[in-house]
DNA sequence: CCTACCGATCGGTAGG
DNA sequence: CCTACCGATCGGTAGG
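Residue numbers (the numbering used here), protein chains in the order written: chain W, 1 to 191; chain S, 1001 to 1191.
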């Protein structure tokens, strides 16, 4: 990927996150770059190509992170805290892409769609494995494991809806709060 | 609203939830009803009109539920459990509308957009109030209250992504699991 | 990266 | 609820 292509991709992502993939035209993207719509096609083969690159790029970032964590020795609680920290880190440091990745992947078609879903399921499995370990260790509640996994992921992914890079909470602080919430719940410890 | 209009609306919602508002054409909607695209306009003034009706209809359901709960005497834990139960009930019993409501509200324009955001914030405030009560009662952890509210809502809303009406979990069971998760967290009670 | 352009499809209207 | 139709915009190509 050339420097210019990366530059165009970034500008495109900034536009796409605002109105969503389906409601954004190739002309909208071109305008943000002050170029003609037709010129985009010397860098990308189609509008969907931009979506595809964005979604798969994010997916592989998450994939790399979970693979690494899953092979580390820490106990389940530490693993989960690390996974959440990494997840928040990826989301917040690529906020435009993250929003497209989370909202617009359904617009992928054909093989891209199914391949994406597969990658997403594989990541989900990585998280599930951590929670399963916690249950096996007797540290986590024996809850419906699929249910627990989805609930963890939903609360982590939701941060893109309100995260503000100039806000008072750093990604690390957000990750810690989120981990505490997920691990300990809302109710005060009855010691 | 005539019976026929409601019927058309329902069919439209079934189509909209599949591809999303922006990617669905008026022709797609008409086809699902075996009528001509132009005929839709004797029931609706525009494509956005359908989105507007769907979003605001859902919003008012949530609004009614939270208003009621907020005036009841139960303590914060009970209130939160009730709010979650009602929320899950509304989502699952209007699944098509719920998905459109959650995913496509950003496509509203002008006044509709701002009015919707306002309604959504007001519901959020209702949930926040319950959590605040819990903190005041000394029952809930003193966490960032806005943060806690958003995390609760995200995990509840996520159920539309995996809920299956024919699955083994009833809405009531889902609500209870979710409440337990949110209140007690993943970690086993160290008694 | 641009000019020039294409066929297809879009949301919507007029008139019955 | 339909026929007939509209101007605008869509994603994308040819050729330079």
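Glycine included, each C-beta is placed from N, C-alpha and C at the ideal position.
Distance CB(residue i)-CB(residue j) smaller than 8 Å
{"i": "residue 1119 of chain S", "j": "residue 144 of chain W", "result": "no"}
{"i": "residue 159 of chain W", "j": "residue 72 of chain W", "result": "no"}
{"i": "residue 1124 of chain S", "j": "residue 1149 of chain S", "result": "yes"}
{"i": "residue 1076 of chain S", "j": "residue 1139 of chain S", "result": "yes"}
{"i": "residue 1041 of chain S", "j": "residue 1107 of chain S", "result": "no"}
{"i": "residue 122 of chain W", "j": "residue 63 of chain W", "result": "yes"}
{"i": "residue 157 of chain W", "j": "residue 1186 of chain S", "result": "no"}
{"i": "residue 100 of chain W", "j": "residue 54 of chain W", "result": "yes"}
{"i": "residue 88 of chain W", "j": "residue 171 of chain W", "result": "yes"}
{"i": "residue 1031 of chain S", "j": "residue 1096 of chain S", "result": "no"}
{"i": "residue 50 of chain W", "j": "residue 23 of chain W", "result": "no"}
{"i": "residue 127 of chain W", "j": "residue 153 of chain W", "result": "yes"}
{"i": "residue 1047 of chain S", "j": "residue 1015 of chain S", "result": "no"}
{"i": "residue 1155 of chain S", "j": "residue 179 of chain W", "result": "no"}
{"i": "residue 1116 of chain S", "j": "residue 1059 of chain S", "result": "yes"}
{"i": "residue 1079 of chain S", "j": "residue 1130 of chain S", "result": "yes"}
{"i": "residue 1175 of chain S", "j": "residue 1084 of chain S", "result": "yes"}
{"i": "residue 43 of chain W", "j": "residue 5 of chain W", "result": "yes"}
{"i": "residue 1036 of chain S", "j": "residue 1065 of chain S", "result": "no"}
Neighbouring residues, chain W, relative to residue i (Cβ below 9 Å)
{"i": "residue 1184 of chain S", "result": "141, 184, 185, 186 and 187"}
Cross-chain neighbours of residue i in chain S, by beta carbon under 7 Å
{"i": "residue 155 of chain W", "result": "1151, 1154 and 1155"}
Within chain S, the residues that residue i reaches when beta carbons sit closer than 8 Å
{"i": "residue 23 of chain W", "result": "1022 and 1107"}
Chain-ordered chain S contacts of residue i [CB-CB under 9 Å]
{"i": "residue 167 of chain W", "result": "None at all; the shortest Cβ gap to chain S is about 11 Å."}
{"i": "residue 44 of chain W", "result": "Residues of chain S passing the Cβ test: none, with the nearest at roughly 19 Å."}
Beta-bridge partners of residue i, as assigned by DSSP
{"i": "residue 204 of chain W", "result": "Only positions 1 to 191 of chain W appear in this structure, which leaves residue 204 of chain W out of reach."}
Chain-ordered chain W contacts of residue i [CB-CB under 8 Å]
{"i": "residue 1177 of chain S", "result": "143, 144 and 147"}
{"i": "residue 1126 of chain S", "result": "Correct list: empty, because the minimum Cβ distance to chain W is about 16 Å."}
Per-residue contacts from residue i into chain W (C-beta, under 7 Å)
{"i": "residue 1074 of chain S", "result": "None at all; the shortest Cβ gap to chain W is about 15 Å."}
Any C-beta of chain S within less than 7 Å: which residues of the segment 96–123 of chain W qualify? 106 and 107
According to a CB-to-CB cut-off of less than 9 Å, which residues of the segment 1052–1064 of chain S neighbour chain W? none
Starting from the N-terminal side, write out each stretch of the alpha helix (DSSP H) that is 4 residues or longer and does not extend beyond the segment 35–111 of chain W. 47–70, 76–93 and 95–104
Within the segment 114–181 of chain W, ranges of the alpha helix (DSSP H) (whole runs, at least 4 residues): 145–157
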